[in-house]
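Structure, as structure tokens:
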Amino acid sequence: MRLKYVLSEVMVGLWRNVTMTIAMIITMAVSLTLLGASVLLYLQVDRMRDVYYQDVEVSIFLKTQEVTPEQKAAIESDLRADPLVQDVHFENQQEAWENFQEIFASAPELTALTRPESLPESYRVKLKDPNTFDQFEIKYEKYIGTGGIERILDQAQLVEKVFTVLGSLQKLALIIAVVQGVAALMLVINTIQIAAYSKRREVAVMKLVGASNWFIQAPFVLEAVAAGFIGAIFAYGTLVLAKIYVFDGALQPLTSVLTPIPWTNVNLMLPVLAGAGALVSSVTGWFALRFYIRV
Amino acid sequence: MIALEHVTKTYPKAQRPSLNDVSVAIEKGEFVFFIGPSGSGKSTIVKLLLREIQPTKGKIIVNAREVGNMRSWRIPNFRRSIGCVFQDFRLLPNRTAYENVAFALEVIGKTQAVARRVVPEVLELVGLGGKEHRYPQELSGGEQQRVAVARAFVNRPLILLADEPTGNLDPDTSIEIMRLLDRINRTGTTVVMVTHDSNIVNQMRRRVVEIEGGKIVRDQPRGVYG
Chain Z
1 MRLKYVLSEV
11 MVGLWRNVTM
21 TIAMIITMAV
31 SLTLLGASVL
41 LYLQVDRMRD
51 VYYQDVEVSI
61 FLKTQEVTPE
71 QKAAIESDLR
81 ADPLVQDVHF
91 ENQQEAWENF
101 QEIFASAPEL
111 TALTRPESLP
121 ESYRVKLKDP
131 NTFDQFEIKY
141 EKYIGTGGIE
151 RILDQAQLVE
161 KVFTVLGSLQ
171 KLALIIAVVQ
181 GVAALMLVIN
191 TIQIAAYSKR
201 REVAVMKLVG
211 ASNWFIQAPF
221 VLEAVAAGFI
231 GAIFAYGTLV
241 LAKIYVFDGA
251 LQPLTSVLTP
261 IPWTNVNLML
271 PVLAGAGALV
281 SSVTGWFALR
291 FYIRV
Chain D
296 MIALEHVTKT
306 YPKAQRPSLN
316 DVSVAIEKGE
326 FVFFIGPSGS
336 GKSTIVKLLL
346 REIQPTKGKI
356 IVNAREVGNM
366 RSWRIPNFRR
376 SIGCVFQDFR
386 LLPNRTAYEN
396 VAFALEVIGK
406 TQAVARRVVP
416 EVLELVGLGG
426 KEHRYPQELS
436 GGEQQRVAVA
446 RAFVNRPLIL
456 LADEPTGNLD
466 PDTSIEIMRL
476 LDRINRTGTT
486 VVMVTHDSNI
496 VNQMRRRVVE
506 IEGGKIVRDQ
516 PRGVYG
């Protein structure tokens, strides 16, 4: 009986003030969508870091001219003996040219003009730990210039730039989520107070005859929780659509760069967002009522 | 049953206390009038007894419980032992007489089965048999107050507080309500009634406690309005 009473009060409450309910659900949904996007991006950056770092190399470009076999031998024996190094691969001018042709296949004028002799030879070095690049670089700086090395390039640094961009996107999404979240909470407070006001007679009688506080407050708080929950479902739906149509659709060509977002992560957002939405709105609702319905 | 011991209540920002060092004891089963002019502090007593407000100083004991410093989560349970009737009836306009009384039971967790058994009984007791399904606006003032009394009494409280229950009623209807309160008092329920209706007080010849300027100026068994 009590449960039935509470639930019917919740339904009546949501209907009585349907425009506010919709506004509450929409702001909740937007806020939770961005929260979900932010969490997904965070998980994604971690995944990408794992994937990328498996493949990053250090490239040691040699000068295109005047590199003696002795210089090469000295560098190579140092590399082979280096405890930081896992693997070394020498890329000659022909291989460099073939790679170049592949990378710039979409610019035939460029590939037509480029000859193997104009491309540098290089050592492709895989470090045991990509984070030891600084120690590695110091050892080989002596070869730069007169030793035959043109420059030493760490792919990890390029990759980090991508992560910095993704990291700021994630922070931006989080900030908007928080701002929207504040708006959503204000709507929750407002809606609950309107609901409490429209039922002030019932509330007064309930207090008078000694209804327990939770019994008086539960219908109002559950209204907010229901709105938060529905908002979370919409937010999850938005994330699913975003995965299908944006990441797996429009951004399909970029999947080699942006490793695909796994469904398990997207689906994880449903309980996370539902929990966040319900928790935040119930706490807010409860606080709003504490100031409004004093015993 | 009820004891006020040196109770002082000063509202925030008020110049002088509404109640000033008031002590009074009410035994179980008594019928007591609190009388006095507007602003004398009568209504403050009702609010204190219901723990709607807390005393500034002193002790209030109701049903052997110290009310003044009661923790707020205990208040609902405490109020179940007190029935309450007001000048403005405080009925829910969108509920019938039956539903108004049943509401008071349902919100404290009683089942509908209990309500079906108890509510017609108490409506019969207050003389509203046959009018259970009328809405408040379809009832006269006296009948509405009877619904309110039924709601206050349906839980069989130990104490019935009545704050100017006849304030909105004509003299004849007032007397009917007083007869009803008298009957309830005879079941052993302590009745505390705040009023400035001299006719009623003079007719009933019950204990009268007169308050003026926040102090008890008279406490008389079988008193008159004076």
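Which chain is which? The protein sequence lines are Z and D, in order. The first sequence begins at 1 in my numbering and counts up one residue at a time. The second sequence begins at 296 in my numbering and counts up one residue at a time. Positions of the beta carbon are idealized from the N, C-alpha and C atoms, including for glycine.
Any chain Z beta carbon closer than 8 Å to residue i
{"i": "A399/D", "result": "yes"}
{"i": "V402/D", "result": "yes"}
{"i": "N315/D", "result": "no"}
{"i": "P350/D", "result": "no"}
{"i": "P431/D", "result": "no"}
{"i": "L387/D", "result": "yes"}
{"i": "R374/D", "result": "yes"}
{"i": "P460/D", "result": "no"}
{"i": "P371/D", "result": "yes"}
Proximity test, Cβ basis, 8 Å: residue i and chain D
{"i": "N213/Z", "result": "yes"}
{"i": "A204/Z", "result": "yes"}
{"i": "R312/Z", "result": "Only positions 1 to 295 of chain Z appear in the structure, and residue 312/Z is not among them; the question remains open."}
{"i": "G13/Z", "result": "no"}
{"i": "V246/Z", "result": "no"}
{"i": "V45/Z", "result": "no"}
{"i": "V30/Z", "result": "no"}
{"i": "Y5/Z", "result": "yes"}
{"i": "L289/Z", "result": "no"}
{"i": "V10/Z", "result": "no"}
{"i": "V221/Z", "result": "no"}
{"i": "L208/Z", "result": "yes"}
Within-8 Å CB hit, residue i to chain B
{"i": "P415/D", "result": "This model lacks chain B altogether; the protein chains it does include are Z and D."}
Closest by C-alpha distance to residue i, when choosing among the options
{"i": "G147/Z", "options": "D78/Z, W97/Z, Q157/Z and E117/Z", "result": "D78/Z"}
{"i": "N17/Z", "options": "T238/Z, I175/Z and I194/Z", "result": "I194/Z"}
{"i": "P431/D", "options": "G336/D, A359/D, T406/D and V396/D", "result": "V396/D"}
{"i": "L153/Z", "options": "L62/Z, F229/Z, L251/Z and V179/Z", "result": "L62/Z"}
{"i": "F326/D", "options": "Y520/D, G509/D, G508/D and R502/D", "result": "R502/D"}
{"i": "T64/Z", "options": "A81/Z, P83/Z and L119/Z", "result": "L119/Z"}
{"i": "C379/D", "options": "T484/D, H491/D and V317/D", "result": "T484/D"}
{"i": "E66/Z", "options": "E121/Z, Q44/Z and L84/Z", "result": "E121/Z"}
{"i": "G231/Z", "options": "L3/Z, K4/Z, I25/Z and L14/Z", "result": "I25/Z"}
{"i": "E416/D", "options": "Y520/D, N480/D and N450/D", "result": "N450/D"}
{"i": "I321/D", "options": "S338/D, G334/D and I297/D", "result": "I297/D"}
{"i": "D87/Z", "options": "L14/Z, L110/Z and V58/Z", "result": "V58/Z"}
{"i": "Q180/Z", "options": "M20/Z, V30/Z and L3/Z", "result": "V30/Z"}
{"i": "R481/D", "options": "E507/D, T406/D and G324/D", "result": "G324/D"}
{"i": "H428/D", "options": "A443/D, R446/D and R390/D", "result": "R390/D"}
{"i": "K342/D", "options": "R360/D, G425/D and R374/D", "result": "R374/D"}
{"i": "L453/D", "options": "R412/D, G336/D and L344/D", "result": "L344/D"}
{"i": "K72/Z", "options": "A235/Z, G249/Z, W263/Z and I149/Z", "result": "I149/Z"}
C-alpha gap between residue i and residue j, whole angstroms
{"i": "I22/Z", "j": "Q252/Z", "result": "34 Å"}
{"i": "W97/Z", "j": "H89/Z", "result": "16 Å"}
{"i": "Q217/Z", "j": "W286/Z", "result": "7 Å"}
{"i": "V402/D", "j": "K4/Z", "result": "12 Å"}
{"i": "G404/D", "j": "G462/D", "result": "32 Å"}
{"i": "Q498/D", "j": "R517/D", "result": "10 Å"}
{"i": "V317/D", "j": "D514/D", "result": "12 Å"}
{"i": "L239/Z", "j": "I175/Z", "result": "18 Å"}
{"i": "R446/D", "j": "N265/Z", "result": "56 Å"}
{"i": "A177/Z", "j": "L208/Z", "result": "42 Å"}
{"i": "V302/D", "j": "R360/D", "result": "15 Å"}
{"i": "L299/D", "j": "V319/D", "result": "5 Å"}
{"i": "R474/D", "j": "I495/D", "result": "10 Å"}
{"i": "N190/Z", "j": "L7/Z", "result": "21 Å"}
{"i": "V165/Z", "j": "G277/Z", "result": "28 Å"}
{"i": "A457/D", "j": "F398/D", "result": "20 Å"}
Notebook entry, point to check: Do the region 90-97 of chain Z and the region 167-186 of chain Z make contact, defined as three or more Cβ pairs closer than 8 Å?
Noted result: no
Item checked: Secondary structure, alpha helix (DSSP H): runs of 4+ residues fully inside the region 443-500 of chain D -> 466-481 and 493-499
Next item on the list: Would you check if there are 3 or more beta carbon pairs closer than 8 Å linking the region 358-369 of chain D to the region 303-313 of chain D?
Entry: no
Item checked: the region 470-480 of chain D in contact with the region 349-356 of chain D per 3-pair CB rule at 8 Å -> no
Margin query: Which runs of the alpha helix (DSSP H) at least 4 residues long sit entirely within the region 60-116 of chain Z? Give them in chain order.
Written below: 69-81, 93-103 and 108-113
Notebook entry, point to check: Okay, do the region 20-40 of chain Z and the region 129-141 of chain Z touch, 3+ Cβ pairs below 8 Å being the bar?
Noted result: no
Checklist line | Touching by the beta-carbon criterion (3+ pairs, under 8 Å), the region 201-212 of chain Z and the region 375-389 of chain D | finding: yes
Checklist line | Segment contact flag, the region 203-215 of chain Z with the region 269-278 of chain Z, C-beta cutoff 8 Å, min 3 pairs | finding: no
Note to self: Give the list of continuous alpha helix (DSSP H) stretches no shorter than 4 residues that lie fully inside the region 109-155 of chain Z.
What the structure shows: 133-140
Check: Three or more beta-carbon pairs under 8 Å between the region 277-287 of chain Z and the region 220-232 of chain Z, yes or no?
Finding: yes
Next item on the list: Please specify which runs of the alpha helix (DSSP H), each continuous and at least 4 residues long, are wholly inside the region 204-289 of chain Z, giving them in chain order.
Entry: 213-241
Note to self: With a threshold of 8 Å, are at least 3 pairs of Cβ atoms found where one atom belongs to the region 326-336 of chain D and the other to the region 485-492 of chain D?
What the structure shows: yes
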